[in-house]
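J.: Pasting a structure below so you can have a look.
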Amino acid sequence: MRGEIKQLERALRLYAGGAEHLLLEPLDLELQTALQGVGLLATKGQTQAQTQRQQTPLAMPLPATRLQPEPSSPALGAGAGQPAPALATAAPQPQVPEPLLPLEPISEPEPQLMPGQEPQRAGSLDALHVRYLGCMNCGLGSMRKNLVFGEGNPAAKLVFVGEGPGEEEDRQGRPFVGRAGQLLTQMICSLGVSRDSVYICNVVKCRPPGNRNPEGPEVAACRPILEQQLELLAPKVIVALGNVALHWLVPDAGGIKKMRGSLLQYGGSKVIPTFHPSYLLRSPSDLSLAWRDMKLVRQVFFLR
Ligand code: SF4
Numbered sequence: 172m173r174g175e176i177k178q179l180e181r182a183l184r185l186y187a188g189g190a191e192h193l194l195l196e197p198l199d200l201e202l203q204t205a206l207q208g209v210g211l212l213a214t215k216g217q218t219q220a221q222t223q224r225q226q227t228p229l230a231m232p233l234p235a236t237r238l239q240p241e242p243s244s245p246a247l248g249a250g251a252g253q254p255a256p257a258l259a260t261a262a263p264q265p266q267v268p269e270p271l272l273p274l275e276p277i278s279e280p281e282p283q284l285m286p287g288q289e290p291q292r293a294g295s296l297d298a299l300h301v302r303y304l305g306c307m308n309c310g311l312g313s314m315r316k317n318l319v320f321g322e323g324n325p326a327a328k329l330v331f332v333g334e335g336p337g338e339e340e341d342r343q344g345r346p347f348v349g350r351a352g353q354l355l356t357q358m359i360c361s362l363g364v365s366r367d368s369v370y371i372c373n374v375v376k377c378r379p380p381g382n383r384n385p386e387g388p389e390v391a392a393c394r395p396i397l398e399q400q401l402e403l404l405a406p407k408v409i410v411a412l413g414n415v416a417l418h419w420l421v422p423d424a425g426g427i428k429k430m431r432g433s434l435l436q437y438g439g440s441k442v443i444p445t446f447h448p449s450y451l452l453r454s455p456s457d458l459s460l461a462w463r464d465m466k467l468v469r470q471v472f473f474l475r
């Protein structure tokens, strides 16, 4: 009797796994009869489908919605309208709701800084630029044509910082592209390097009206951007172009006429102040001093 129970258990296990036809060991005659009696084993000459139909009355009734054939369903074919044996034996399945929208990939817009939002550290200059594209953290934002983030080699160890974009920079969205920009390019080339090999940016990224100097609250609002740019660049030398950039980097420094050509410090970077190119265009007699400052830049950057 114990052996029969084991055989019955095994037969049921195999049947539950859909493998009753793999039952190779001969069953006792009594057991075969018992299994055939409840439709778990085909009698001689009976097909497997017939056996399954026999067991249908034993199956759990399915919810009505599961039994409704879909008219257009090719899977049901000619037998549509008749409860399929496979469905009749399956456990009730939860209804999966239709998706409301097509499940196509949606490109997520880059996050931008909203007014009053605390800046987060960006992973790259490009990401930082994108983050601040819509910045309105000070009044200059509403007056700009373009935000002038900065440009150049993202791996540069020599960085030039001015005060803010002028009219042409605002129009093009690039720093130092007017006449002052041409002079800055000459100053950079006097070092024996190309403009593309350094990085150029400003203290404020939007143009102050009438080319005035940026005011304290504007400089403070824009400060996180330049801080993060310099953190990402980690330059060896920063050239401060004019008073605004000098005092942003070294707040307690004196005026530019006094401090130009000196060696100061911002974090781990050396700071060398010199005249702003716009000032040099108005005061060409100081050009020789600016060229002397460039010699110091070359010396510190290449030799020390
Ligand atoms: S100047 Fe700076 S803080 Fe002000 S709106 Fe432009 S990016 Fe923002």
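Just so we're aligned: 228 in this note's numbering is position 57 of the sequence shown, and the numbers increase by one with no gaps anywhere. Backbone N, C-alpha and C fix where the C-beta goes; we use that ideal spot for every residue, glycine too.
Based on DSSP bridge pairs, tell me the residues matched to Asn324.
T.: As a first step, residue 324 is located in the sequence shown; it is residue number 153 there, counting from the start. Looking at the DSSP assignment, Asn324 forms no beta bridge with any residue, so it has no partner.
J.: Alpha carbon to alpha carbon, how far is Gly387 from Ser368? Give it in angstroms, no decimals.
T.: In the sequence shown, residue 368 corresponds to position 197, counting from 1. In the sequence shown, residue 387 corresponds to position 216, counting from 1. Rounded to whole angstroms, Ser368 to Gly387 spans 31 Å at the Cα level.
J.: With a 10 Å radius around its C-beta and 16 neighbouring C-beta atoms as the bar for buried, classify Lys376 as buried or exposed.
T.: Position 205 of the sequence shown, counted from the first residue, corresponds to residue 376. Flag for Lys376 reads buried.
J.: Decide if Ala405 is buried, meaning its Cβ has at least 16 other Cβ atoms within 10 Å, or exposed.
T.: Counting from one through the sequence shown, the residue named residue 405 turns up at place 234. Ala405 should be labelled exposed.
J.: What are the start and end residues of the beta strand (DSSP E) that includes Asn373?
T.: Here the question's residue 373 lines up with position 202 in the sequence shown. Here the beta strand (DSSP E) through Asn373 covers Tyr370 to Asn373.
J.: Do the CB positions of Leu417 and Ala424 come within less than 7 Å of each other?
T.: Sequence index remark: in the sequence shown, residue 417 carries index 246 (1-based). Sequence index remark: in the sequence shown, residue 424 carries index 253 (1-based). Cβ distance < 7 Å, so Leu417 and Ala424 count as in contact.
J.: Nearer than 6 Å: is that true of the beta carbon of Lys376 relative to any heavy atom of the ligand SF4?
T.: Indexing the sequence shown from 1 puts residue 376 at position 205. Indeed, a heavy atom of the ligand SF4 lies less than 6 Å from the Cβ.
J.: List the whole-angstrom C-beta distance separating Lys328 from Lys441, where the pair is believed to meet the contact cut-off of C-beta under 8 Å.
T.: If you number the sequence shown from 1, residue 328 lands on position 157. If you number the sequence shown from 1, residue 441 lands on position 270. Actually they do not touch by this definition, with Cβ atoms about 11 Å apart.
J.: If you compare alpha carbons, which of Cys306, Asp341 and Gly333 is closest to Arg315?
T.: Counting from one through the sequence shown, the residue named residue 315 turns up at place 144. Comparing C-alpha distances from Arg315 to each of Cys306, Asp341 and Gly333 shows the shortest one belongs to Asp341.
J.: Run the proximity test for Leu311: is its beta-carbon closer than 6 Å to any non-hydrogen atom belonging to the ligand SAM?
T.: No copy of the ligand SAM occurs in the structure displayed; its ligands are the ligand SF4 alone.
J.: With distances taken between CB atoms, is the gap from Thr445 to Asp464 smaller than 7 Å?
T.: By 1-based counting over the sequence shown, the position of residue 445 is 274. By 1-based counting over the sequence shown, the position of residue 464 is 293. Yes, the Cβ-Cβ distance between Thr445 and Asp464 is below 7 Å.
J.: Looking at the structure shown, is Gly305 part of a helix, part of a strand, or coil, going by DSSP?
T.: For this step, residue 305 is matched to residue 134 along the sequence shown. Gly305: coil per DSSP, three-state reduction.
J.: Look up Leu318 in the DSSP assignment and say whether it is helix, strand or coil.
T.: Here residue 318 is taken as the residue at index 147 of the sequence shown, counted from 1. Three-state DSSP puts Leu318 in coil, outside helix and strand.
J.: Is any beta-carbon of chain B found at less than 7 Å from that of Pro385?
T.: The chain inventory of the structure shown lacks chain B, comprising one protein chain alone.
J.: Compute the distance between the beta-carbons of Leu296 and Pro325, then report whether it is under 7 Å.
T.: Position 125 of the sequence shown holds residue 296. Position 154 of the sequence shown holds residue 325. Against a cut-off of 7 Å, the Cβ pair of Pro325 and Leu296 comes out as a contact.
J.: At what residues does the beta strand (DSSP E) containing Gln436 begin and finish?
T.: Start at 1 with the first residue of the sequence shown, and residue 436 comes out as number 265. Start and end: Leu435 to Tyr437.
J.: In chain order, what residues of the same chain have a beta carbon less than 7 Å from the beta carbon of Gly312, not counting five sequence neighbours either side?
T.: Position 141 of the sequence shown, counted from the first residue, corresponds to residue 312. Once the five neighbours on either side are set aside, the close Cβ partners of Gly312 are Cys306 and Cys377.
J.: So which of Cys309, Glu389 and His300 has the shortest CA-CA distance to Gly323?
T.: As a position in the sequence shown, residue 323 is number 152, starting the count at 1. The shortest Cα separation from Gly323 among Cys309, Glu389 and His300 belongs to His300.
J.: I think Pro380 touches Val415, with their Cβ atoms under 8 Å apart; what is that distance to the nearest whole Å?
T.: The residue labelled residue 380 in the question sits at position 209 within the sequence shown. The residue labelled residue 415 in the question sits at position 244 within the sequence shown. Contact doesn't hold; Cβ gap of about 16 Å is too wide.
J.: Give me the Cα-Cα distance between Pro448 and Cys372, rounded to the nearest whole angstrom.
T.: Here residue 448 refers to the residue found at position 277 when the sequence shown is read from its first residue. Here residue 372 refers to the residue found at position 201 when the sequence shown is read from its first residue. Answer to the nearest angstrom: the Cα atoms are 14 Å apart.
J.: Give a single yes or no on whether Cys306 has its beta carbon closer than 6 Å to a heavy atom of the ligand SF4.
T.: Your numbering for residue 306 matches position 135 in the sequence shown. At least one heavy atom of the ligand SF4 is nearer than 6 Å to the Cβ of Cys306, so yes.
J.: Using DSSP bridges, identify the partner residues of Thr445.
T.: If you number the sequence shown from 1, residue 445 lands on position 274. For Thr445, which the question treats as bridged, DSSP gives the partners Leu412.
J.: Using CA coordinates, which residue listed in Cys360, Gly344, Glu339 and Leu397 is at the minimum distance from Arg350?
T.: For the purposes of this step, residue 350 is taken as residue 179 along the sequence shown, with counting starting at 1. Comparing Cα positions, the closest option is Glu339.
J.: Leu460 by DSSP, collapsed to three states: which one?
T.: As a position in the sequence shown, residue 460 is number 289, starting the count at 1. Note: Leu460 maps to helix in three-state DSSP.
J.: Using a Cβ-based criterion (distance less than 6 Å to any ligand heavy atom), does Ala392 qualify as near the ligand SF4?
T.: If you number the sequence shown from 1, residue 392 lands on position 221. For Ala392, the CB falls within less than 6 Å of some heavy atom of the ligand SF4.
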